[in-house]
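One structure below.
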Amino acid sequence: MKNNKIVIYIGILVVGVLLGWLLFGGSSKKDTEHNHDAVAETNQLWTCSMHPQIMQPESGDCPICGMDLIPADGGSDGLLADQFKLTENAMALANIQTSIVGKGNVEGNTIKLSGKIAENEEANAVQVSYFAGRIERLNVSFTGEEVRKSQLLATIYSPELYAAQQELITAASLKESQPALYKAVRNKLKLWKLSDNQINQIEETGKVKENFPVYATVSGTVTEKLVEQGDYIKQGQPLLKIANLNTVWGNFDVYENQIDRFKKGQEVMITTNAYPNKEFKGKVDFIDPVLNNKTRTVTLRVVLNNKDDVFKPGMFVTANIEGNTAKNDEVLTIPASAVMWTGERSVVYLKTNPDQPIFEMVEIKLGNQIGNEYEVVEGIFAGNEIVTNGTFTVDAAAQLQGKKSMMNKEGGKVMTGHEGHLGMDNNASNKESDHTNMNERLKVSAKFQEQLKAVFNAYINLKDALVKEDSKSTSANATTLLNKLNKVDMKLLSDNKAHNHWMSLESEIKSSATSISETSDIKSQRDHFKHLSSHLINAVQLFGINEKVYVEFCPMSDNNNGAYWLSKEEKVINPYFGEAMLTCGEVKQVIE
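Using full-length UniProt numbering, you'd call the opening residue of the sequence shown number 1 and step up by one each time.
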């Protein structure tokens, strides 16, 4: 009986333990799962489909447009903090190409310089009048006229010379008794550049000449007329500038990091668009010891034989010079198209995964430029793979995804503003990869592209006005651009992605163009043009205009911070400097 009670107690205990485990163990698991879900819900962020820069910790309305917020994707794709990924479609659309960094031998490589023909100042002369008077006749009709030594240039009436002739006639009658006086009067006339024959003729005839000729002292080309017929002139006053163009100077700009590659006496091969199939030899004659603080260049001068009248002052020329190197070392070299500049920083985009389009910005230190390549002192290594075509598109993608980029050194959130670079924080970029990936060409109607092209054409006219340094025309073309912009119909963009991007870009384009239209200061116009170009480049990349467009860049613009612009032609014509540095820059990308 006692044993039966024990069995009953043990059975009750086992049943109790089992029920406790079922009840309390399950409850604990449910609590754990519930808490996990609560944490997940707490970490959920909400964004706006039209304004992805908005990130809220809970659902609600967009503070900008009032639309309902939607959950933001927060997944991780396994990339490092500074890395970002492009789609294969974006790579193909932007024609993004990469190359493996290798070592090259810089010895004997040709360096290309741009320059301009100028008069040889050593062969120039200024024709002056040696006595005061009135120009009765000027025998030189126009600038550019050829003159020969001893040719009659002008006839001058001089009261002083008239009186001096009368003194000579009087002194000639007294030369036996007062030889010193006679000699002094003759010497006075010689100082006025009268020849012995002229003086003897006056003395022999006893007649005073009213008008005296001025003869050319050199042969050459008249480059400037400084007086007109009928003018009164002073003794020693310049009449004409005459240049001997049998030799001319070719002046070329050399950047700071290139100076040590040149020396006096180096052989130079000169080419010009006027004679595309000819090369002309010359030698480095002079390297300016003073650096131009504005352009950060020195002038390298080449003296060129011009007996055949091939070169005209003002003509653009190109020099190909074998770079002078101190030693024959192998160095890392990369194409110039791979490099982006901002102030003192030079950056390239490194492809970090050979099998996937994953990129990361890397700062590098450059050496000398040799032709279309740069030496790399530090930052990357042989075997690295870098972007060599489409770098601007890759940089734009980095900005939009909140990664380190040319203008965003630290990465992270980049606000859309007057700085001209669109962006968002890291969380927004995660959503952007699925909903509004701005590094892909967006599909829009042909009519919208046609309207955007009208804006682009107005931009080109504005750019051409800046090239000519015509501030009035620049302002007028900015107004035209605004009118074309107002005619772009946003209703043609039914897709949220396209609508979102155009809203941001339109606002910035309008702001920059308005600033240009409201000022007549060419420097201020160029500052705003830099921002206008940045936004329009993004617009053309995103939507397309069914036309080939060139993205061009000059590292010396904006006080050496560098600036981009759009062009219809591959030839570089710089809108930021005008005539001063018309060809400074290079093509960085072609948008099809």
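Yeah, the Cβ is synthetic: ideal placement off N, Cα and C, and Gly gets one too. Source: prediction; values computed, not measured.
Handout entry: Through-space distance from Leu191 to Leu181, alpha-carbon basis
Key = What you label residue 181 is simply residue 181 of the sequence shown in a count that begins at 1. What you label residue 191 is simply residue 191 of the sequence shown in a count that begins at 1. One C-alpha to the other measures close to 16 Å.
Practice task
Would you tell me roughly how many angstroms separate the C-alpha atoms of residue 596 and Tyr130, rounded to the nearest one?
Solution key: Coverage of the chain is limited to positions 1 through 592, which leaves residue 596 absent and any answer about it impossible.
Problem - Cβ pair Tyr576, Ala563 closer than 9 Å - result: By one-based count along the sequence shown, residue 576 stands at place 576. By one-based count along the sequence shown, residue 563 stands at place 563. Yes, Cβ-Cβ distance for Tyr576 and Ala563 is below 9 Å.
Practice task
Flag this pair as yes or no: are the beta carbons of residue 595 and Lys468 separated by less than 9 Å?
Solution key: Absent from the structure is residue 595, since the part of the chain shown begins at 1 and ends at 592.
Exercise for the section: With DSSP collapsed to three states, give me the class of Pro276. Expected result: Position 276 of the sequence shown, counted from the first residue, corresponds to residue 276. Pro276 falls in the strand class under three-state DSSP.
Practice task
Using three-state DSSP, classify Gln296 as helix, strand or coil.
Solution key: Residue numbering aside, residue 296 sits at position 296 when the sequence shown is read from its first letter. Here the sequence assigns Arg to residue 296, which means Gln is not the residue at that position. Note: Arg296 maps to coil in three-state DSSP.
Exercise for the section: Express the C-alpha separation of Gln541 and Lys294 in angstroms, rounding to a whole number. Expected result: If you number the sequence shown from 1, residue 294 lands on position 294. If you number the sequence shown from 1, residue 541 lands on position 541. Lys294 and Gln541: Cα-Cα distance of roughly 33 Å.
Practice task
Take every Cβ of the region 247-266, pair it with every Cβ of the region 302-315, and state whether three or more of those distances are shorter than 8 Å.
Solution key: yes
Handout entry: Short Cβ contact (9 Å threshold) for Ala513 with Lys487
Key = For the purposes of this step, residue 513 is taken as residue 513 along the sequence shown, with counting starting at 1. For the purposes of this step, residue 487 is taken as residue 487 along the sequence shown, with counting starting at 1. No, they are not a contact pair.
Practice task
Check the C-beta distance from Ala215 over to Gln165 and give it rounded, since I have them as a contact under 8 Å.
Solution key: Position 215 of the sequence shown, counting from 1, holds the residue named residue 215. Position 165 of the sequence shown, counting from 1, holds the residue named residue 165. According to the sequence shown, residue 215 is Tyr rather than Ala. At roughly 18 Å, the Cβ-Cβ gap does not stay under 8 Å, so Tyr215 and Gln165 are not in contact.
Handout entry: Where Val377 falls, given that 16 or more other Cβ within 10 Å makes a residue buried
Key = Counting from one through the sequence shown, the residue named residue 377 turns up at place 377. Label assigned to Val377: exposed.
Practice task
Look at the alpha carbon of Phe212 and the alpha carbon of Val268, and state the distance between them as a whole number of angstroms.
Solution key: Mapped onto the sequence shown, residue 212 falls at position 212. Mapped onto the sequence shown, residue 268 falls at position 268. About 48 Å.
Problem - Member of Leu300, Ala243, Lys497, Asn457 whose CA lies at the smallest distance from the CA of Leu485 - result: Translated into positions along the sequence shown, residue 485 becomes position 485. Ranking the options by Cα distance to Leu485, first place goes to Asn457.
Problem - Proximity below 9 Å, CB of Leu226 to CB of Lys207 - result: Taking the sequence shown and counting its residues from 1, one reaches residue 226 at position 226. Taking the sequence shown and counting its residues from 1, one reaches residue 207 at position 207. Judged by their CB atoms, Leu226 and Lys207 are not nearer to each other than the 9 Å cut-off.
Handout entry: Contacts around Asn437, its chain only, beta-carbon distance under 6 Å, and the 5 residues preceding and following it disregarded
Key = Reading the sequence shown from its first residue, position 437 is the one you call residue 437. Caution is warranted here: a pLDDT of 39 is assigned to Asn437, below 50, making its placement in the model unreliable, and no coordinate value can be reported.
Problem - Residues bridged to Arg301 (per DSSP) - result: What you label residue 301 is simply residue 301 of the sequence shown in a count that begins at 1. Beta-bridge pairing links Arg301 to Asn251, Phe286.
Problem - alpha helix (DSSP H) segments (min. 4 residues) lying fully within the UniProt domain "CusB-like three alpha-helical bundle" (160-209) - result: 179-191, 196-205
Problem - Helix, strand or coil at Leu98 [DSSP, three-state] - result: If you number the sequence shown from 1, residue 98 lands on position 98. The displayed chain sequence assigns Thr, not Leu, to residue 98. Note: Thr98 maps to strand in three-state DSSP.
Practice task
Could you tell me which of Leu481, Val387, Gly314 sits nearest to Ser517, measuring between CA atoms?
Solution key: The residue given as residue 517 occupies position 517 in the sequence shown. For Ser517, the nearest C-alpha among the options comes from Leu481.
Exercise for the section: Mind the definition here: the region 118-128 touches the region 330-339 only if three or more C-beta pairs lie below 8 Å; say whether that holds. Expected result: no
Practice task
Determine, using beta carbons only, whether Cys554 and Gly578 come nearer to each other than 9 Å.
Solution key: The residue labelled residue 554 in the question sits at position 554 within the sequence shown. The residue labelled residue 578 in the question sits at position 578 within the sequence shown. Not closer than 9 Å, so no.
Problem - Range of the contiguous alpha helix (DSSP H) that encloses Thr217 - result: For the purposes of this step, residue 217 is taken as residue 217 along the sequence shown, with counting starting at 1. Thr217 -> no alpha helix (DSSP H), and no H or E assigned at all.
Exercise for the section: Using alpha carbons as the reference points, say which of Asp558, Asn560, Gln589 lies closest to Glu570. Expected result: Position 570 of the sequence shown, counting from 1, holds the residue named residue 570. Glu570 has its Cα closest to that of Gln589, out of Asp558, Asn560, Gln589.
Problem - Span of the beta strand (DSSP E) around Glu385 - result: For the purposes of this step, residue 385 is taken as the residue at position 385 of the sequence shown. From DSSP, the beta strand (DSSP E) with Glu385 extends over 385-389.
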